[in-house]
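Student: Below are the structure tokens for one structure; questions will follow.
Residue numbers (my numbering), protein chains in the order written: chain C, 564 to 697; chain D, 564 to 697.
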């Protein structure tokens, strides 16, 4: 069912410093920051030849990553995103197998303009998993 | 400098259950478990079209992931691995920029038979980063 790894997301406490680490220290191609008010984050996309790293920084109040950064002040790997062909079909299969879908279970439009869903980390080895229809 | 994302590693408390989650629930291609006594882990490779997920389970005493699983009993994303062309050149550049290389600073032979190094999470937004010459 799952296809490509779409991205890995890393929550960072200092977006400018993190951008510099990836652009200069690690020498990767880094894009300008992009505000995603619907998701409560500012995102910097790091382009690797086969996938992306997303550096996430809180935007506005009630950012979904604020709590994560409180618990992990230095930052940390926040989630991994796998692509699926049909997000509704994927969701229904996962629910039938007992996996928990976060939120109200309806896909939202993600940072790339595609429908996304998040799955409960407890059902996936402690890793927060995002599914993106792509 | 960094190239492809070689893999994401997820430490898991129950390798059989985690394998089933990836093979059956997520429908990915999963390989048989592989003991890596030099690294203190048993690894299951999950093949995605563009990269790999490695499920890590402790092997023997003093496994480097035992402490992680104590702190994260449900498991969790343990590290990310980026490919580099020349690991010694990469190491020297990173050290010159102030990044800390773990262990004695000399590459070890990793699970894929290539030289690898680990970088200090504090210097990379809380994410443990492995570099693999590939």
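Every residue, glycine too, gets a C-beta built ideally from N, C-alpha and C.
Predicted, not measured: the structure shown is a model, and the values here were computed from it.
Using the rule of at least 16 other Cβ atoms within 10 Å of the residue's Cβ for burial, across every protein chain shown, is residue 642 of chain C buried or exposed?
Tutor: Result: buried.
Student: Over what stretch of residues does the beta strand (DSSP E) that includes residue 574 of chain D continue unbroken?
Tutor: Looking at the DSSP string, the run of the beta strand (DSSP E) that includes residue 574 of chain D is 568–574.
Student: Rounded to whole angstroms, what's the CA-CA distance from residue 592 of chain C to residue 613 of chain C? Just pull it up for me.
Tutor: C-alpha separation (whole angstroms): 12 Å.
Student: Given residue 625 of chain D, which residues of its chain have a CB within under 8 Å of its CB, disregarding the five upstream and five downstream residues?
Tutor: Closer than 8 Å at the Cβ level, and outside the excluded window around residue 625 of chain D, lie 603.
Student: Could you tell me how far apart the beta carbons of residue 589 of chain D and residue 650 of chain C are, in whole angstroms, since I believe they sit closer than 8 Å?
Tutor: Incorrect: roughly 14 Å between the Cβ atoms, too far for contact.
Student: Please classify residue 688 of chain C: is it buried, with 16 or more other beta-carbons within 10 angstroms of its beta-carbon, or exposed?
Tutor: Buried is the call here.
Student: Do residue 679 of chain D and residue 695 of chain D have their beta-carbon atoms positioned less than 7 Å apart in this structure?
Tutor: Cβ distance < 7 Å, so residue 695 of chain D and residue 679 of chain D count as in contact.
Student: When you compare the CB of residue 660 of chain C with every CB in chain D, is at least one pair closer than 7 Å?
Tutor: Answer yes: the Cβ-Cβ gap between residue 660 of chain C and chain D drops below 7 Å somewhere.
Student: Do the segment 570–583 of chain D and the segment 630–646 of chain D meet, that is, are 3 or more Cβ pairs less than 8 Å apart?
Tutor: Result yes; three or more Cβ-Cβ pairs closer than 8 Å.
Student: What first and last residue would you give for the beta strand (DSSP E) that runs through residue 598 of chain C?
Tutor: Counting along the chain, the beta strand (DSSP E) containing residue 598 of chain C begins and ends at 597–599.
Student: Strictly under 7 Å for the Cβ-Cβ distance: is residue 575 of chain C near chain D by that measure?
Tutor: Answer yes: the Cβ-Cβ gap between residue 575 of chain C and chain D drops below 7 Å somewhere.
Student: Is it buried or exposed for residue 666 of chain C, if we count other Cβ within 10 angstroms and need 16 for buried?
Tutor: That one is exposed.
Student: Could you spell out where the alpha helix (DSSP H) holding residue 630 of chain D opens and where it closes?
Tutor: 629–634 is the span of the alpha helix (DSSP H), which, as asked, contains residue 630 of chain D.
Student: If you count every other CB in all the chains shown that lies within 10 Å of the CB of residue 633 of chain C, and 16 or more means buried, which is it?
Tutor: Exposed, by the Cβ-count rule.
Student: Could you tell me the boundaries of the beta strand (DSSP E) in which residue 693 of chain C lies?
Tutor: Looking at the DSSP string, the run of the beta strand (DSSP E) that includes residue 693 of chain C is 692–696.
Student: How many angstroms separate the CA atom of residue 615 of chain C from the CA atom of residue 605 of chain C?
Tutor: So the two alpha carbons sit approximately 15 Å from each other.
Student: Verify the CB distance criterion: does residue 582 of chain C have a CB-CB separation below 7 Å to chain D?
Tutor: Answer no: the Cβ-Cβ gap between residue 582 of chain C and chain D never drops below 7 Å.
Student: Are the beta-carbon atoms of residue 621 of chain D and residue 607 of chain D separated by less than 7 Å?
Tutor: The answer is no: Cβ separation not under 7 Å.
Student: Just to confirm before moving on: does the CB-CB distance between residue 697 of chain C and residue 677 of chain C stay below 7 Å?
Tutor: Result yes, Cβ atoms of residue 697 of chain C and residue 677 of chain C sit closer than 7 Å.
Student: What do you get for residue 628 of chain D, buried or exposed, if any count of 16 or more other CB atoms within 10 angstroms of its CB means buried?
Tutor: Flag for residue 628 of chain D reads buried.
Student: Measure the Cβ-Cβ separation of residue 575 of chain C and residue 618 of chain C and say whether it is below 7 Å.
Tutor: Yes, the Cβ-Cβ distance between residue 575 of chain C and residue 618 of chain C is below 7 Å.
Student: Distance check for residue 599 of chain C and residue 648 of chain C, CA to CA, integer angstroms please.
Tutor: Those two C-alpha atoms are separated by around 24 Å.
Student: Could you give the first and the last residue of the continuous alpha helix (DSSP H) run that contains residue 658 of chain C?
Tutor: Residue 658 of chain C -> alpha helix (DSSP H) spans 650–659.
Student: Looking only at C-alpha atoms, which of C/673, C/660, C/630 sits nearest to residue 585 of chain D?
Tutor: Minimum Cα distance to residue 585 of chain D is reached at C/660.
Student: Let's test the definition: count the other Cβ atoms within 10 Å of the Cβ of residue 684 of chain C and tell me whether it reaches 16, buried, or not, exposed.
Tutor: That one is buried.
Student: Could you work out which residue in C/656, C/693, C/658 is closest to residue 674 of chain C when comparing CA atoms only?
Tutor: Looking at the Cα atoms, C/693 is the closest of the given residues.
Student: At 9 Å on the CB atoms, spell out the chain A contacts of residue 654 of chain D, in chain order.
Tutor: Protein chains C and D are contained in the structure displayed, whereas chain A is not.
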